[in-house]
Amino acid sequence: MMNEKQPELIQPKKVVNPLLESSAHRGLLKELLLTHKWGMWPGERSELQKVLEQRRVERHREQELSVSELETKLRKQKRRLLAYELEEMRRTENPQNVPEFMRVRENLRRFQL
Numbered sequence: 015m016m017n018e019k020q021p022e023l024i025q026p027k028k029v030v031n032p033l034l035e036s037s038a039h040r041g042l043l044k045e046l047l048l049t050h051k052w053g054m055w056p057g058e059r060s061e062l063q064k065v066l067e068q069r070r071v072e073r074h075r076e077q078e079l080s081v082s083e084l085e086t087k088l089r090k091q092k093r094r095l096l097a098y099e100l101e102e103m104r105r106t107e108n109p110q111n112v113p114e115f116m117r118v119r120e121n122l123r124r125f126q127l
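15 is the number of the first residue of the sequence shown in our numbering; add one for each residue after it.
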């Protein structure tokens with residue numbers, strides 16, 4: 015009756031329960047109902063479930079810790095590059111210690127005919 019008299023007012027909507035909407039809550043409720051149906055306590059799991067869960071966790075941990083082939087190749091390349099840079103720094107720091115034929119060779123490399 016009030017709605018008919020005042021059509022310009024915004025009509026209230028039913029409030030949504032966020033717990034019933036969430037998929038995590040629905041999954042938990044489903045699991046609780048199944049464990050109750052089987053006569054198990056929520057914290058209890060069969061030995062098979064425990065072992066499978068442990069294997070899954072270990073496999074996941076190994077995958078996180080394992081180094082891929084790409085990572086090993088990148089590390090090797092980085093080590094080689096660092097060694098090369100150190101060698102270049104040594105050469106440029108002490109040109110007196112470098113043999114004469116090496117200095118001449120470097121000059122010839124720069125001077126191309």
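We treat Cβ as the ideally placed atom computed from N, Cα and C, and that holds for glycine.
- The C-beta distance from His39 to Leu47 rounds to 13 Å, too long to meet the 8 Å contact threshold.
- Annotation: Leu42 to Leu62 spans about 20 Å, alpha carbon to alpha carbon.
- The C-alpha of Glu83 is placed about 23 Å away from the C-alpha of Arg70.
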